[in-house]
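Undergrad: Residue numbers (the working numbering): 2 to 289. Don't be surprised by glycine CBs; every beta carbon is placed ideally from N, CA and C.
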Amino acid sequence: MVKSNPPTTRARYIASLMRETREKRKLKAAGVADHLGKTAATISRYESGEYPIPGDTFIDLLDLYGIDDPIERASLIEMNEDAPKRGWVDGFKPYIHNLANNVWMEGEATKVQILELVVAPGITQTRNYAHALISNGPNKHDPTAVKRQVEARLLRSRILESPNAPEVELLMHESILDQRVGGDEVTAEQLERLLAVSGLPNVTLRLLPRESWAHLAAGIVVGYTVFHLPEPLPSVVYIDSSAAAIYEEDPDIGLFKDTFDALMADVALSAEVSTKRIAKELKDVKPK
């Protein structure tokens, strides 16, 4: 059996998902091994991402674990097939898997750097703010999809205050403060949330001044997230767009890392000035 060296981020995610699903089904690794005709050591390596899961074996696992929704199965099977790849494009398929990848990486990361140019970072969004955005997006005619996507986004925010929370650097363009997403009341609630997040010991929140568009000179036209994952995992950049969720792994992400660090060092307002500007905007927008 060929050992993947080292496992890709997607392989680690698939492995983690299979382990968690087995545990939820209250199945022992030894029992799964017997069912598949494998050794317990092989199952352990599948669940750590050390060994790739062969296609037929993966389908057997989906059957054993009762994952029978055809859309979910097809998405997971494709994800497992793509696991050895060092970068990937998820395309516009079931929204939950893009978010699931992010939830997993945020939980594994030692540091997360987020550049946001248009709206408040997803990891900071309140329920009402997230709903206002998502309910006007591609799934706006599907209330169930909107509800699930909002819940998934709120799940991401929990990582900020979890016991093993990573270091988080948030870099937002100041023009985001001018947006009235969901109206003044929802916007005020979101600004209050940003101030609360900025006070967390593991979070640094800074603004790019309104007049600054230095990121354009570096060719950065959309926001992105850099996940710094522990060895042997590579660092990963996530770029979201209306058509696709794009992930890139080392060594292809130097531009994103370098641009983020340069903006923080040379362009961004200090954390203190940034929070003062958010507080001023909150005072202006908060319903009297």
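1. Using 8 angstroms for Cβ pairs, my map puts L172 next to F261. What's the rounded Cβ distance?
2. Could you spell out the range, first to last residue, of the beta strand (DSSP E) harbouring L116?
3. Counting only the same chain and skipping the five closest in sequence on each side, list residues whose C-beta sits under 7 angstroms from that of K4.
4. How about A166 and N203: are their beta carbons less than 8 angstroms apart?
5. Counting only the same chain and skipping the five closest in sequence on each side, list residues whose C-beta sits under 7 angstroms from that of W105.
6. Closer than 8 angstroms by C-beta to L196: which residues in its own chain qualify, once you throw out the five before and the five after it? Chain order, please.
7. In whole angstroms, what is the alpha-carbon distance linking A12 and Y47?
8. Taking the alpha carbon of G224 as the reference point, which residue from K258, P231, S45 has its own alpha carbon closest?
9. Take the Cβ of W89 as the centre, count every other Cβ of all protein chains shown within 10 Å, and call the residue buried at 16 or more, exposed below.
10. Ignoring anything shorter than 3 residues, give me the beta strand (DSSP E) runs that lie fully in the stretch 161–207, in order along the chain.
11. Does M109 pass the burial test, meaning 16 or more other C-beta atoms within 10 Å, or should it be called exposed?
12. Report, in whole angstroms, the separation of the C-beta atoms of L208 and E232, which I expect to be a contact under 8 angstroms.
13. Where do the ends of the alpha helix (DSSP H) carrying Y225 lie?
14. Residue ranges of each alpha helix (DSSP H) run of no fewer than 4 residues wholly in the stretch 22–60, ordered along the chain?
15. At the level of alpha carbons, what is the spacing between E212 and M265?
16. Compute the Euclidean distance between the alpha carbons of Q180 and A189, then round it to the nearest angstrom.
17. Thinking C-alpha only, which one of A41, H142, L134 is nearest G184?
18. From V182 to L63, what does the alpha carbon distance come to, in whole angstroms?
19. Which partner residues of L209 appear in the DSSP bridge assignment?
20. What's the gap between the Cα of P210 and the Cα of T127?
21. Expressed to the nearest angstrom, what Euclidean distance is found between the alpha-carbon atoms of F93 and S76?
22. Select from G38, F59, D35, L156 the residue whose C-alpha is nearest the C-alpha of T22.
23. Using a threshold of 8 angstroms, state whether the C-beta atoms of V151 and A121 are closer than that.
24. Go through its chain and collect everything with a Cβ distance to T111's Cβ below 6 angstroms, but skip five positions before and after it.
25. With a threshold of 8 angstroms between beta carbons, is D70 in contact with chain C?
26. Evaluate E273 with the Cβ neighbour count: other Cβ atoms within 10 Å of its Cβ, from every protein chain shown; 16 or more gives buried, anything less gives exposed.
27. For the alpha helix (DSSP H) that A131 lies in, which residues bound it at each end?
28. Compute the distance between the beta-carbons of I124 and L161, then report whether it is under 8 angstroms.
29. Which of the three DSSP states, helix, strand or coil, is assigned to G92?
30. According to DSSP, is G255 helix, strand or coil?
TA: Reading off the structure:
1. 7 angstroms
2. 112–117
3. With a pLDDT of 44 at K4, under the threshold of 50, the predicted position of this residue should be treated as unreliable, though the coordinate-derived value follows. Once the five neighbours on either side are set aside, the close Cβ partners of K4 are E51, Y52.
4. yes
5. Y14, S17
6. T276, I279, A280, L283
7. 9 angstroms
8. K258
9. Since pLDDT at W89 reaches only 44, below the 50 mark, its modelled position is unreliable, and the value read off the structure follows with that caveat. Buried: at least 16 other Cβ atoms inside 10 Å.
10. 168–174
11. The displayed chain sequence assigns Glu, not Met, to residue 109. With 16 or more other Cβ atoms within 10 Å, it is buried.
12. With 8 angstroms as the limit, L208 and E232 do not qualify as a contact, their Cβ atoms being about 33 angstroms apart.
13. Where Y225 is concerned, there is no enclosing alpha helix (DSSP H), although the beta strand (DSSP E) it sits in stretches over 225–229.
14. 30–37, 41–49
15. 15 angstroms
16. 11 angstroms
17. L134
18. 41 angstroms
19. H174
20. 23 angstroms
21. Low confidence applies here, because F93 scores a pLDDT of 33, under 50, leaving its location unreliable; read the following figure in that light. Each residue's Cα considered, the two are about 11 angstroms apart.
22. F59
23. no
24. P167, H229, P231
25. Of the protein chains in this structure there is only one, and it is not chain C.
26. exposed
27. 128–135
28. yes
29. Annotation note: pLDDT 41 at G92 (below 50); position unreliable, coordinate value reported separately. If DSSP states are grouped into helix, strand and coil, G92 belongs with coil.
30. helix
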